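A short worksheet on the structure shown next.
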Amino acid sequence: MQNFDLAVIAIAAAAIALLYNMVKIVPQGWSYTVEKWGRYTKNLEPGLHFLIPVMEQVGHKVNMMERVLDVPSQEVITRDNAMVQVDGVTFFQVLQPESASYEVHNLERAMLNLTMTNIRTVMGSMDLDELLANRDKINGQLLTVVDEATDPWGIKVTRIEIKDITPPRDLVDSMARQMKAERNKRADILEAEGLRQAAILKAEGEKLGAVLSAEGLKEAAFLDAEARERAAEAEANATAMVSKAISEGDIQAINYFVANNYVDALKAISTAPNQKVIMLPLEATNLMGSIAGIAEISKSLFDKDSK
Numbered sequence: 000m001q002n003f004d005l006a007v008i009a010i011a012a013a014a015i016a017l018l019y020n021m022v023k024i025v026p027q028g029w030s031y032t033v034e035k036w037g038r039y040t041k042n043l044e045p046g047l048h049f050l051i052p053v054m055e056q057v058g059h060k061v062n063m064m065e066r067v068l069d070v071p072s073q074e075v076i077t078r079d080n081a082m083v084q085v086d087g088v089t090f091f092q093v094l095q096p097e098s099a100s101y102e103v104h105n106l107e108r109a110m111l112n113l114t115m116t117n118i119r120t121v122m123g124s125m126d127l128d129e130l131l132a133n134r135d136k137i138n139g140q141l142l143t144v145v146d147e148a149t150d151p152w153g154i155k156v157t158r159i160e161i162k163d164i165t166p167p168r169d170l171v172d173s174m175a176r177q178m179k180a181e182r183n184k185r186a187d188i189l190e191a192e193g194l195r196q197a198a199i200l201k202a203e204g205e206k207l208g209a210v211l212s213a214e215g216l217k218e219a220a221f222l223d224a225e226a227r228e229r230a231a232e233a234e235a236n237a238t239a240m241v242s243k244a245i246s247e248g249d250i251q252a253i254n255y256f257v258a259n260n261y262v263d264a265l266k267a268i269s270t271a272p273n274q275k276v277i278m279l280p281l282e283a284t285n286l287m288g289s290i291a292g293i294a295e296i297s298k299s300l301f302d303k304d305s306k
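Position 237 (the sequence shown) corresponds to 236 in numbering that gives the first Met the number 0; numbering is contiguous.
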């Protein structure tokens, strides 16, 4: 009886083992390879699957999701013999689980070594300045090379990013001094340009001021000449009137002419800078008579005009 119980237990255990090997549930984002008598036959997609016990078994469980692989820091010698520390990150995805399982051993290690080797190759062909200024170009070249190399493995490399490029300390100090000198140079250029622009604006302002001053002097001279012309014209008219009156025998015109010259002479004497006190005998009655003569001439002219 005891032996019978042991046999039942053994049969039950064997049935459970067979059932476990026969029923397979593949989770989302994974793919299983199936081997029949040790030979690859098919892939199991996410879901419930049944295998033939003993004959079929799961060979590899492959992660089909996009994965990230950290590339550790390494030293790279550039074309101009500068030593830099470089690290990065690689993104890839398995497209063909059978190739990733049977075409390469230890996929992630192979990916890591391939990426590090190509980083040294690509970056070693550039100068340091080009290396620091063209990170996108480096990423593009690495992506092309590594993706082509991993194509037989059923891998799609989606991105390769260089995270840090660290030059030696003395080189960093030298670059800092160079950038400081460049900034000082730009500041001096801007300052000189500002002074130049200020000088140009000042010269243009002075030029405009001189032009306006010359225009003002020209206008003043024109007005002064016009005033003198009008005064001369008035004087000529007065002289013509007096001459006409004299030619007609008007004694008052002669008195006007004499009085006018008399008054002008007195004015010149009184305004002389070297004369302080003037003592002259004046005949007031003659002067008054001359002024009266001027009035008579003006009256006679007005009477003629009215007629």
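All C-beta atoms in this analysis are idealised placements derived from N, C-alpha and C, irrespective of residue type, glycine included. It should be emphasised that the depicted structure is a prediction, and the values quoted were computed from it without experimental measurement.
Could you round the C-beta distance between residue i and residue j to whole angstroms and report it? I think they count as a contact, below 8 Å.
i           : j           : result
residue 160 : residue 88  : 5 Å
residue 100 : residue 58  : 7 Å
residue 308 : residue 146 : Lying outside 0 to 306, the shown extent of the chain, residue 308 is not represented and no answer is given.
residue 81  : residue 142 : Actually they are not in contact, since the Cβ atoms of residue 81 and residue 142 sit about 24 Å apart, beyond 8 Å.
Quick check on residue i: buried or exposed, where buried means 16 or more other Cβ atoms within 10 Å of its Cβ?
i           : result
residue 189 : exposed
residue 238 : exposed
residue 36  : exposed
residue 283 : Per-residue confidence for residue 283 stands at a pLDDT of 46, beneath the threshold of 50, marking its modelled position as unreliable; the derived number appears in the next sentence. Exposed, by the Cβ-count rule.
residue 113 : buried
residue 10  : exposed
residue 67  : exposed
residue 97  : buried
residue 200 : exposed
residue 140 : buried
residue 16  : exposed
residue 32  : buried
residue 178 : exposed
residue 83  : buried
residue 149 : buried
residue 210 : exposed
residue 43  : buried
What's the C-alpha gap between residue i and residue j?
i           : j           : result
residue 65  : residue 130 : 28 Å
residue 109 : residue 39  : 22 Å
residue 205 : residue 191 : 21 Å
residue 300 : residue 208 : For residue 300, the predicted model reports a pLDDT of 48, less than 50, meaning its position is unreliable and no value from the coordinates is stated.
residue 165 : residue 152 : 33 Å
residue 71  : residue 54  : 43 Å
residue 225 : residue 214 : 16 Å
residue 125 : residue 77  : 6 Å
residue 223 : residue 198 : 37 Å
residue 217 : residue 230 : 20 Å
residue 175 : residue 162 : 21 Å
residue 183 : residue 62  : 56 Å
residue 220 : residue 196 : 36 Å
residue 117 : residue 133 : 16 Å
residue 128 : residue 85  : 15 Å
residue 281 : residue 233 : Here residue 281 scores only 48 on pLDDT, less than 50, and its place in the model should not be relied on; the value that follows carries that caveat. Distance between the alpha carbons of residue 281 and residue 233 is about 29 Å.
residue 236 : residue 202 : 50 Å
residue 5   : residue 94  : 48 Å
residue 119 : residue 168 : 20 Å
residue 28  : residue 79  : 46 Å
residue 136 : residue 19  : 52 Å
residue 102 : residue 7   : 44 Å
residue 212 : residue 187 : 37 Å
residue 122 : residue 69  : 18 Å
residue 13  : residue 104 : 33 Å
residue 228 : residue 240 : 18 Å
residue 194 : residue 90  : 55 Å
For residue i, I'd like the list of residues in its chain whose CB is within less than 8 Å of its CB, leaving aside the five on either flank, ordered along the chain.
i           : result
residue 185 : none
residue 21  : 49, 50, 51 and 52
residue 34  : 40, 55, 56, 57 and 58
residue 92  : 63, 64, 65, 66, 154, 155 and 157
residue 138 : 158, 159, 160 and 161
Could you name the residues of the same chain whose beta carbon sits closer than 6 Å to that of residue i, not counting the 5 residues immediately before and after it, in chain order?
i           : result
residue 24  : 47
residue 106 : 99
residue 144 : 117
Looking at residue i and the ligand NAD, is the gap between the Cβ and the nearest heavy atom below 7 Å?
i          : result
residue 45 : Among the components of this structure there are no ligands whatsoever, and the ligand NAD is therefore not found.
Apart from the five residues just before and just after residue i, which ones in its own chain have a Cβ nearer than 7 Å to its Cβ?
i           : result
residue 26  : 45
residue 181 : none
residue 60  : 29 and 31
residue 115 : 70 and 73
residue 287 : A caution first: residue 287 carries a pLDDT of 49, below 50, which makes its placement in the model unreliable, though a value can still be read off. The answer is none, since no qualifying residue turns up.
residue 111 : 68 and 70
Problem set entry | beta strand (DSSP E) runs wholly inside the region 2-51, at least 3 long, in chain order | 22-25, 29-35, 38-43 and 46-49
Problem set entry | Runs of beta strand (DSSP E) lying entirely within the region 63-117, each at least 3 residues, in chain order | 66-76 and 82-93
Problem set entry | beta strand (DSSP E) runs wholly inside the region 143-215, at least 3 long, in chain order | 154-165
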